[in-house]
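Read through the structure below, which is laid out as C-alpha cells, and then see the notes.
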Amino acid sequence: MPDPATVDPAVLATLLARHGWIRRGGPAARYGRWTPPDDEPGTSLLVPADDGFDDAVELLTDAVTALSRSRTPSARSILLALAVPGDELRWHRDLPGPADTAPWDDAERLQRAARTMLAAGAKAGRTRAAYYGARLDGHAGEFLDRVLVVEQGAVDQGAALTAHTPAPEGRTAVTTLVRALEALRDAVDYRRVSGGPEAFENAVQAGVSRELVQSVEDLVRGTTGAGLAVAWSAAAGIPGGFGDRRITLDFSPGDLPALAEAADLLERLEPAVAVTVTGLVVRLKRADPGGPGSVRLRVLGGAEVRELKVRLPDPDYRLAAEAHLAGLPVRLSGRLEPRGGFRRLGRPHGLELLPGRADGDHEQLLKGLGDGDEQI
Numbered sequence: 001m002p003d004p005a006t007v008d009p010a011v012l013a014t015l016l017a018r019h020g021w022i023r024r025g026g027p028a029a030r031y032g033r034w035t036p037p038d039d040e041p042g043t044s045l046l047v048p049a050d051d052g053f054d055d056a057v058e059l060l061t062d063a064v065t066a067l068s069r070s071r072t073p074s075a076r077s078i079l080l081a082l083a084v085p086g087d088e089l090r091w092h093r094d095l096p097g098p099a100d101t102a103p104w105d106d107a108e109r110l111q112r113a114a115r116t117m118l119a120a121g122a123k124a125g126r127t128r129a130a131y132y133g134a135r136l137d138g139h140a141g142e143f144l145d146r147v148l149v150v151e152q153g154a155v156d157q158g159a160a161l162t163a164h165t166p167a168p169e170g171r172t173a174v175t176t177l178v179r180a181l182e183a184l185r186d187a188v189d190y191r192r193v194s195g196g197p198e199a200f201e202n203a204v205q206a207g208v209s210r211e212l213v214q215s216v217e218d219l220v221r222g223t224t225g226a227g228l229a230v231a232w233s234a235a236a237g238i239p240g241g242f243g244d245r246r247i248t249l250d251f252s253p254g255d256l257p258a259l260a261e262a263a264d265l266l267e268r269l270e271p272a273v274a275v276t277v278t279g280l281v282v283r284l285k286r287a288d289p290g291g292p293g294s295v296r297l298r299v300l301g302g303a304e305v306r307e308l309k310v311r312l313p314d315p316d317y318r319l320a321a322e323a324h325l326a327g328l329p330v331r332l333s334g335r336l337e338p339r340g341g342f343r344r345l346g347r348p349h350g351l352e353l354l355p356g357r358a359d360g361d362h363e364q365l366l367k368g369l370g371d372g373d374e375q376i
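Per our numbering, the sequence shown starts with residue 1, numbered consecutively.
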C-alpha cells in the first residue's frame with residue numbers, strides 16, 4: 001500500500017477519473033468527493049485539492065485506507081499505480097467462448113507476447129533494426145527488470161495483463177513501442193488494401209522489427225481480437241508529441257497473413273554485420289584433435305550480444321585453447337550472421353591474444369568462468 005504522505009492529490013484525482021470514479025462535489029479549491037462507478041455503498045473518498053492544507057495527509061490516509069478496503073475492482077489498480085508510479089500498459093486477448101473456457105496456457109501466451117513486445121520497444125529505443133536477434137538482449141533485459149506486472153487473469157470473453165513501466169526514465173522504450181505499433185497497424189492496413197509489402201520496410205524507421213511483428217502475431221493468434229492500451233503516468237505527465245489522445249492499438253486474426261509476411265521480410269532485410277570483437281573463450285569443442293573446432297566467446301566488446309559461437313581452423317583453435325587456459329581475452333574479426341539471431345561469427349580472421357588486459361569487465365568475467373560448462 002502506498003505511503004499516504006507521499007501521495008500527490010492531483011495524481012490520485014487523475015487516477016480516480018481515469019478509472020471511472022465520479023466527482024460528486026465539494027469546494028473545488030479545497031477538496032473533491034469521489035465515488036466509485038458501481039456506486040458501492042459506503043465508499044466515498046475525500047481528496048484534497050493539493051497537499052498544502054493542514055489536513056491533507058489525514059484525508060489522503062483515509063482515502064488510501066478506504067481504497068484498500070473497497071471491493072470495487074478498480075481500487076486495487078489505483079493503489080498499485082500510486083505505489084508503483086509509471087506508465088500503465090494493458091494488453092487484452094478476446095477469446096471465443098466464455099472466459100472460463102479459455103485454454104490453460106492463454107495467460108502464459110499473453111505474458112510472453114507482452115514481454116517480447118516490451119523488449120522490442122526497448123531495443124528500438126536504442127537503435128533501429130529490421131531484425132535484432134540476440135543483439136541488445138542485455139539492454140532489453142535491464143528494462144524488463146524494471147517493469148512490474150501488477151494484474152493478470154480472466155476478463156469477460158478473454159484475458160488481460162497490466163504492467164507498469166518506469167516513468168519518465170523508461171519512457172523512450174514505451175513511446176518508441178507506441179509509435180512502432182501505430183506504424184505497424186498502418187503498414188498492415190496498407191498491405192491488405194494495396195497488396196504491396198513495401199510499407200513494412202518503411203516502418204523500420206518507426207521502430208518496427210521482426211521481433212515486434214512476432215509479438216503481435218503471438219498476441220492475436222487464437223483470438224477474435226487483441227490489442228494494447230497505454231495510459232501515461234499521471235505523475236510524469238504526457239510525453240511530448242502525444243497530446244491527450246487515448247492510446248489504443250488493436251489487431252485481429254485477419255491481420256495474421258500480413259504479419260507473417262512482414263516477419264519473413266524483415267528478417268531477410270537485415271544484413272550481416274562486420275565486427276571486431278573482444279571476448280573470453282568459455283567453451284571449446286571439436287571432434288578431431290587435428291581438425292577445426294567450435295568456440296564460444298563471452299563478449300567483452302565490439303558486438304551487442306552476450307555470447308558468440310565461432311568455428312575456427314586448427315591453428316586458431318589451438319590459440320583459443322591457449323587463451324582459455326591462461327584466462328586471457330582474445331580479439332578477432334568476422335561477420336555477425338543474421339541466421340540464428342546474430343549469435344554466430346562467420347568468416348573469422350585475425351585472431352590474437354590480448355595479454356595483460358585487466359579492466360573491470362574482464363575481471364568479472366574471469367570470476368564467472370567456473371559458473372557452468374556451456375555447450376556449443
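Ideal placement from N, C-alpha and C gives every residue a C-beta, glycine not left out.
- Query: Can you name the start and end residues of the alpha helix (DSSP H) that GLY138 belongs to?
  - Reply: Boundaries of the alpha helix (DSSP H) harbouring GLY138: 137 to 145, taken from the DSSP string.
- How would you label ILE78, buried or exposed, when you count the other beta carbons within 10 angstroms and need 16 or more for buried? Classified as buried, ILE78 has 16 or more neighbouring CB atoms from the shown chains inside 10 Å of its CB.
- Query: Starting from VAL277 and walking both ways along the beta strand (DSSP E), at which residues does that stretch end?
  - Reply: 273 to 285 is the extent of the beta strand (DSSP E) around VAL277.
- Can you give the beta carbon distance from LEU284 to ALA321, rounded, assuming they're within the 8 Å contact cut? Contact holds; Cβ gap of about 6 Å.
- Message: Can you list, in chain order, the residues of its chain with a C-beta nearer than 7 Å to that of ARG311? Leave out the 5 residues immediately preceding and following it.
- Response: In chain order, PRO292 and SER294 place their CB closer than 7 Å to the CB of ARG311, counting only its own chain and leaving out the 5 sequence neighbours on each side.
- Which residues in the same chain have their Cβ closer than 6 Å to the Cβ of GLY86, if we skip the five residues on either side of it in sequence? For GLY86, where only same-chain residues beyond five positions count, the Cβ hits under 6 Å are HIS164, THR165, PRO166, ALA167 and SER233.
- For TYR131, name the three-state secondary structure that DSSP assigns. It is coil, neither helix nor strand.
- Query: Between which two residues does the alpha helix (DSSP H) containing LEU82 stretch?
  - Reply: Boundaries of the alpha helix (DSSP H) harbouring LEU82: 73 to 83, taken from the DSSP string.
- Tell me the DSSP bridge mates of GLY32? BP columns for GLY32 point to VAL47.
- Message: If we require 4 or more residues per run, which alpha helix (DSSP H) segments fall completely within the stretch 188 to 227?
- Response: As summarised for the stretch 188 to 227, the continuous alpha helix (DSSP H) elements at least 4 residues long and confined to that stretch are 198 to 202 and 210 to 220, given in chain order.
- Message: Need the endpoints of the beta strand (DSSP E) that THR6 sits in, please.
- Response: According to the DSSP assignment, THR6 belongs to no beta strand (DSSP E), since it is labelled neither H nor E.
- Query: Just checking, does the stretch 133 to 143 make contact with the stretch 336 to 351 on the three C-beta pairs under 8 Å criterion?
  - Reply: Yes, the stretch 133 to 143 touches the stretch 336 to 351.
- Message: What does the alpha-carbon distance come out to for the pair SER194 and ASN202?
- Response: So the alpha carbons of these two residues sit roughly 15 Å apart.
- Mind checking which residues open and close the alpha helix (DSSP H) that includes GLY125? For GLY125, the uninterrupted alpha helix (DSSP H) segment begins and ends at 106 to 126.
- Own chain partners of ASP255 with C-beta closer than 6 Å, once the 5 adjacent residues on each side are dropped: Around ASP255: VAL188.
- Using alpha carbons as the reference points, say which of ARG185, ALA262 and ARG179 lies closest to PHE242. The option with the nearest alpha carbon to PHE242 is ARG179.
- Message: Just list the residues that DSSP pairs ALA229 with in beta bridges.
- Response: ARG90 and THR248.
- Item | Buried or exposed by the 16-neighbour rule on C-beta atoms within 10 Å, applied to PRO253 | Classified as exposed, PRO253 has fewer than 16 neighbouring CB atoms from the shown chains inside 10 Å of its CB.
- Quick one: Cα of SER333 to Cα of LEU148, how far? A straight-line Cα-Cα distance of about 39 Å links SER333 and LEU148.
- Message: Going by beta-carbon coordinates alone, are ALA122 and LEU219 separated by less than 8 Å?
- Response: Contact: no.
- ARG221 versus PRO36 - alpha carbon distance: Those two C-alpha atoms are separated by around 35 Å.
- Any idea if LEU325 is buried or exposed, counting beta-carbon neighbours within 10 angstroms, 16 or more meaning buried? Classification of LEU325: exposed, given that the 10 Å Cβ count is below 16.
- C-alpha gap between THR172 and ALA120, whole angstroms: Counting only the Cα atoms, ALA120 lies some 12 Å from THR172.
- Quick one: what does DSSP say ARG306 is sitting in, helix, strand or coil? Here ARG306 sits in coil by DSSP.
- Residue burial classification, ARG33 (beta-carbon count within 10 angstroms, cutoff 16): Flag for ARG33 reads exposed.
- Report all residues from its chain with a CB closer than 7 Å to the CB of ASP250; omit the five preceding and five following residues, and keep chain order. Cβ within range, chain order: GLY225 and GLY227.
- Determine, using beta carbons only, whether GLY141 comes closer than 8 Å to chain B. Protein chain content of the structure displayed is limited to a single chain, and chain B is not contained in it.
- Among GLU142, ASP38, THR223 and THR14, the one whose alpha carbon lies nearest that of ASP50: Of the listed residues, the one whose Cα sits closest to ASP50 is THR14.
- Task: Have a look at GLN214 and LEU297 and give me their C-alpha separation to the nearest angstrom.
- Result: If I take the Cα positions, the gap works out to 28 Å.
- Item | HIS19, DSSP secondary structure in three states | Three-state DSSP puts HIS19 in coil, outside helix and strand.
- Task: May I have a chain-ordered list of the alpha helix (DSSP H) segments no shorter than 4 residues that lie completely inside the stretch 292 to 343?
- Result: Those alpha helix (DSSP H) runs which fall completely within the stretch 292 to 343 and span 4+ residues are 314 to 326.
- Item | Beta-carbon separation (whole angstroms), ARG126 vs GLN205, contact threshold 8 Å | With 8 Å as the limit, ARG126 and GLN205 do not qualify as a contact, their Cβ atoms being about 14 Å apart.
- Item | Delimiting residues of the alpha helix (DSSP H) encompassing GLU58 | 56 to 69 is the span of the alpha helix (DSSP H), which, as asked, contains GLU58.
- Assigned secondary structure, PRO257 (DSSP; H/G/I helix, E/B strand, else coil): The answer is helix: DSSP assigns PRO257 an H, G or I state.
- LEU354 - DSSP class collapsed to helix/strand/coil: Note: LEU354 maps to coil in three-state DSSP.
- Query: What do you reckon, are the CB atoms on GLY207 and THR176 nearer than 8 Å?
  - Reply: Taking 8 Å as the Cβ cut-off, GLY207 and THR176 qualify as a contacting pair.
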